[in-house]
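Below is one structure, written out as structure tokens; comments come after it.
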Amino acid sequence: MAPYAHLAMYRVCRGPGCAYGDILAGLDAAVEDGLDMLSLSLGGPSRRFYNDVIAIGAFAAIKRGIFFSCAAGNSGPFYGPLSNEAPWIFTVGASTTDRILKSQDEKLNSNGTIIGDALAPRVASFSSRGPSRPSPRILKPDIIGPGVDILAAWSESMDNATLPNPKATFNIISGTSMATRHLSGIAALIKKSHPDWSPAAIKSAIMTTANVLNLAGTPIVNQDLTPADVFAIGGGHVNPPKANDPGLIFDIKPEDYFPFLCGLNYNETAVKIITQQTEKCSEVRVIPEAQLNYPSFSIKAGPN
1 MAPYAHLAMY
11 RVCRGPGCAY
21 GDILAGLDAA
31 VEDGLDMLSL
41 SLGGPSRRFY
51 NDVIAIGAFA
61 AIKRGIFFSC
71 AAGNSGPFYG
81 PLSNEAPWIF
91 TVGASTTDRI
101 LKSQDEKLNS
111 NGTIIGDALA
121 PRVASFSSRG
131 PSRPSPRILK
141 PDIIGPGVDI
151 LAAWSESMDN
161 ATLPNPKATF
171 NIISGTSMAT
181 RHLSGIAALI
191 KKSHPDWSPA
201 AIKSAIMTTA
211 NVLNLAGTPI
221 VNQDLTPADV
231 FAIGGGHVNP
241 PKANDPGLIF
251 DIKPEDYFPF
261 LCGLNYNETA
271 VKIITQQTEK
281 CSEVRVIPEA
291 QLNYPSFSIK
301 AGPN
């Protein structure tokens, strides 16, 4: 997506799991190294932001002007088991593309790859859905992007038993992790075009210009062809050319999150854990979630 970008990789997982301390240490190292973009394809169960090491590390990143994108998780199609929900994180869900790979090993006359799926993009069945539990008025995920049957780099240290070539360095992979990489690259290109834009401005540009219709000109559907709602698509499917010239921008400075966090009824200790700054909520003009200058929000409607 961003062919001239320089990549830096940080190992935060050892063996079967990823320790919280290692994740936070890796994020802190990346922030200190002065990266422009951070992309993280890790996540866990929903939790309050002051108990979420990724949310804490991400806040340190955006304070330094670093764009931070994360995978929404692969726990769909059920509602609620979403990861990385903090509003300062760009939460990415996965969609299909307009090609379908029936098999990785096809004969020349098998028509194994179908090009031009008119109902694409569809929301991937595995893509985690909202709503956000710690902050239900902030609509999550933020965006969906290509994440099904993606040709991606593959380490020789991985289990290659299912690949025709055991020394293969590429594989066809699906997941919100794949979508996150696409969106991180798009964000990098926008940052190149607009170097003075904040992480929130870049996020806003992508979200407000996203497509809510598929190639057939009808509303985006789930992979099983049922209607996809906002808790599946967020702002919609990414449209890179439009995102580079969005017009209206919803910008948020790091300090704008203080009244938002106080509005979640977090005490001063909890706010300091996230922001690494001492703020007294009694001295802050507290705002409800929906008043954060965010590109999208959700409301609860009922007969009353």
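Numbering (the working numbering), first residue to last: 1 to 304. Built from N, CA and C at the ideal position, the CB exists for glycine as well.
In the three-state reduction of the DSSP assignment, L35 falls in the coil class, being assigned neither a helical nor a strand state. Counted as a single uninterrupted DSSP element, the beta strand (DSSP E) harbouring P146 occupies residues 143–146. Here A29 has Y10 as same chain residues with Cβ atoms under 7 Å from its own Cβ, once five neighbours each way along the sequence are excluded.
C-alpha of T176 to C-alpha of G43: approximately 11 Å in a straight line. Sequence-distant Cβ neighbours of L27 in its own chain, meaning closer than 6 Å and more than five residues away, are G57.
In the structure shown, Y20 falls within a helical segment according to DSSP collapsed to helix, strand and coil.
In the structure shown, F78 falls within a coil segment according to DSSP collapsed to helix, strand and coil. At a Cβ-Cβ threshold of 8 Å, A152 and M178 count as neighbours. DSSP places T180 in the uninterrupted alpha helix (DSSP H) bounded by 176–193. When the alpha-carbon of W88 is set against those of I299, E279, I274, the nearest one is in I274. Note on S155: under 16 other CB atoms within 10 angstroms of its CB, so exposed under the neighbour-count rule.
For T97, no alpha helix (DSSP H) run applies, since DSSP gives it neither H nor E. For C13, no beta strand (DSSP E) run applies, since DSSP gives it neither H nor E. Checking the DSSP bridge columns, you'll see A124 has no partner listed.
Counted as a single uninterrupted DSSP element, the alpha helix (DSSP H) harbouring I273 occupies residues 268–275. Following the DSSP letters along the chain, one finds C70 inside the beta strand (DSSP E) bounded by residues 67–71. Assigned with DSSP and collapsed to three states, V53 falls in helix. Secondary-structure assignment with DSSP links P131 through no beta bridge to anything.
In the structure shown, I202 falls within a helical segment according to DSSP collapsed to helix, strand and coil.
In this structure I220 touches H237 by the C-beta definition: roughly 6 Å separates them, less than 8 Å.
At a Cβ-Cβ threshold of 8 Å, G234 and L183 do not count as neighbours.
CA-CA distance, K272 to F170, rounds to 43 Å. With fewer than three CB-CB distances shorter than 8 Å, the stretch 285–302 does not count as touching the stretch 63–73. DSSP lists L213 as the beta-bridge partner residues of P219. For a cut-off of 8 Å, the C-beta gap from V92 to P141 is around 6 Å, short enough to register as a contact.
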